[in-house]
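The sequence shown begins at 1 in the UniProt record's numbering and counts up one residue at a time. Here a beta-carbon is modelled for each residue, glycine too, at the ideal position from N, C-alpha and C.
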Amino acid sequence: MPLDQSFTGRSYPPQTSYEVSREKIREFADAIGDANPVYRDPEAAREAGHPDVIAPPTFLTIINLASINAIVTDPELGLDYSRMVHGDQGFTYTRPVYAGDVLEVTTHIDGIMARAGNDFINLRADITDAAGQKVCTTRAQLVVRGENA
1 MPLDQSFTGR
11 SYPPQTSYEV
21 SREKIREFAD
31 AIGDANPVYR
41 DPEAAREAGH
51 PDVIAPPTFL
61 TIINLASINA
71 IVTDPELGLD
81 YSRMVHGDQG
91 FTYTRPVYAG
101 DVLEVTTHID
111 GIMARAGNDF
121 INLRADITDA
131 AGQKVCTTRA
141 QLVVRGENA
């Protein structure tokens, strides 16, 4: 069943906020095998010009994934999760993510299209801090393989 293209343009407001901690940043850096001290040591981060430890660039996947899952599991969209693959992901930062940030995610469906028997859904997430200032915009493209693919 093709994706419901009327979902294009929909926005999903934040469901909760996420408080970034030093421990979560360290755990993520460990998981990706990045030993950069600015992800672990507040003094190293300050020496590099930051107020506290910073998160690796892909750290926001942690909070972005939950917002994407809320969309793809919406039964009205018609997405067969078992046929979905992640096609692309990108991050455009306004500033780094710091320990102590409290972040919210608003997710948007920017487009849905069919091509070569597959459906493509383009998602954008605007991530803001507690003051409502944009921290990052993420973009993801998901591909839903067609029945004969």
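Option in the options with minimal Cα separation from residue i
i    : options                   : result
S11  : A70, N36 and V20          : A70
N118 : A131, V85, D129 and V144  : V144
I127 : I68, F120, D88 and V85    : I68
R124 : L60, V102 and E23         : L60
P57  : S6, E19, R22 and A29      : A29
R20  : G100, M113, A131 and G132 : For the record, residue 20 in the displayed sequence is Val; it is not Arg. Checked all of G100, M113, A131 and G132; the closest Cα to V20 is G100.
Q89  : A114, F7, P13 and Q141    : Q141
V85  : P51, I121, I62 and H50    : I121
Q5   : G132, Q133, L79 and G87   : L79
Assigned exposure category for residue i - 16 Cβ within 10 Å defines buried
i    : result
Y39  : buried
P96  : buried
I25  : buried
E147 : exposed
E104 : buried
A55  : buried
L65  : exposed
V102 : exposed
I32  : exposed
Per DSSP, the bridge partner or partners of residue i
i    : result
L142 : H86 and I121
Segment contact flag, the stretch 44-54 with the stretch 107-125, C-beta cutoff 8 angstroms, min 3 pairs: no
Ranges of the beta strand (DSSP E) found wholly within the UniProt domain "FAS1-like dehydratase" (7-137), counting only runs of at least 3: 84-93, 102-115 and 118-128
Three-pair Cβ contact test at 8 angstroms for the stretch 132-144 versus the stretch 79-98: yes
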